[in-house]
Amino acid sequence: MGYLIDTNILSEVQKDQRADPGVRAWYDKVDARDLYLSVLVIGEVRQGIDRLRRRDPTQAARLAQRLASVKTDFADRILPVCTAVAECWGRNNVPDALPVIDGLLAATAQVHGLTLVTRNVKDVERSGVLLLNPFSDAITPPD
136 MGYLIDTNIL SEVQKDQRAD PGVRAWYDKV DARDLYLSVL VIGEVRQGID RLRRRDPTQA
196 ARLAQRLASV KTDFADRILP VCTAVAECWG RNNVPDALPV IDGLLAATAQ VHGLTLVTRN
256 VKDVERSGVL LLNPFSDAIT PPD
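The opening residue of the sequence shown carries number 136 in the working numbering; numbering runs sequentially from there.
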């Protein structure tokens, strides 16, 4: 089973000891080879770093180093927004539009047969994507 991690989950696990216990327990149990990111998550993290740089350049530099590590760790498991994802996203937006990035993440998970791991389940649940919210779900991956 594979999982596409949303930005809010990636950010949470990077809190180390301060991370939500449910998120940390789930993340620690999953085989790293089953975890995927979207290029959109990389973009959201980069945006946050560059916004932070204006008021706290030191912290922004630390987060930029973490992002570089994440990109290395996930190198072959960072998924693009390809034509198939765009088509799926378009279908999922009828009759009512989903939030753009969350909708594209849901479509990416659907196209690649992954479970979307996010705190924002309400934003995408009507897309039909398999969802997991480790902040509140008691679901754990198989051993």
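We treat Cβ as the ideally placed atom computed from N, Cα and C, and that holds for glycine.
Identified DSSP bridge partners for residue i
i	result
Thr214	Reading off the sequence, residue 214 comes out as Leu, not Thr. Ser173, per the DSSP bridge assignment.
Val264	For Val264, which the question treats as bridged, DSSP gives no partner whatsoever.
Leu139	Tyr171, Leu251
Separation of residue j from residue i, as counted between CA atoms
i	j	result
Asp163	Gly137	14 Å
Ala203	Gly178	12 Å
Leu239	Pro192	31 Å
Leu145	Thr218	25 Å
Arg181	Ala199	8 Å
Val252	Arg188	28 Å
Val256	Ala154	19 Å
Leu266	Thr250	5 Å
Val235	Asp211	24 Å
Thr275	Leu214	A caution first: Thr275 carries a pLDDT of 43, below 50, which makes its placement in the model unreliable, though a value can still be read off. In a straight line, the C-alpha of Thr275 is about 24 Å away from that of Leu214.
Pro277	Asp169	Note on Pro277: pLDDT 41, under 50, position unreliable in the model; no value is reported.
Ala241	Ser262	7 Å
Gln149	Lys206	14 Å
Asp151	Arg226	38 Å
Gly157	Glu222	34 Å
Phe270	Asp185	27 Å
First through last residue of the beta strand (DSSP E) which encompasses residue i
i	result
Val252	250-252
Leu233	Run containing Leu233: none; DSSP gives neither H nor E here.
Residue interval of the alpha helix (DSSP H) (run including residue i)
i	result
Ser146	142-148
Pro156	156-164
Pro192	192-208
Asp258	256-259
Inter-residue CB distance, residue i and residue j (contact presumed, cutoff 8 Å)
i	j	result
Val259	Asp237	5 Å
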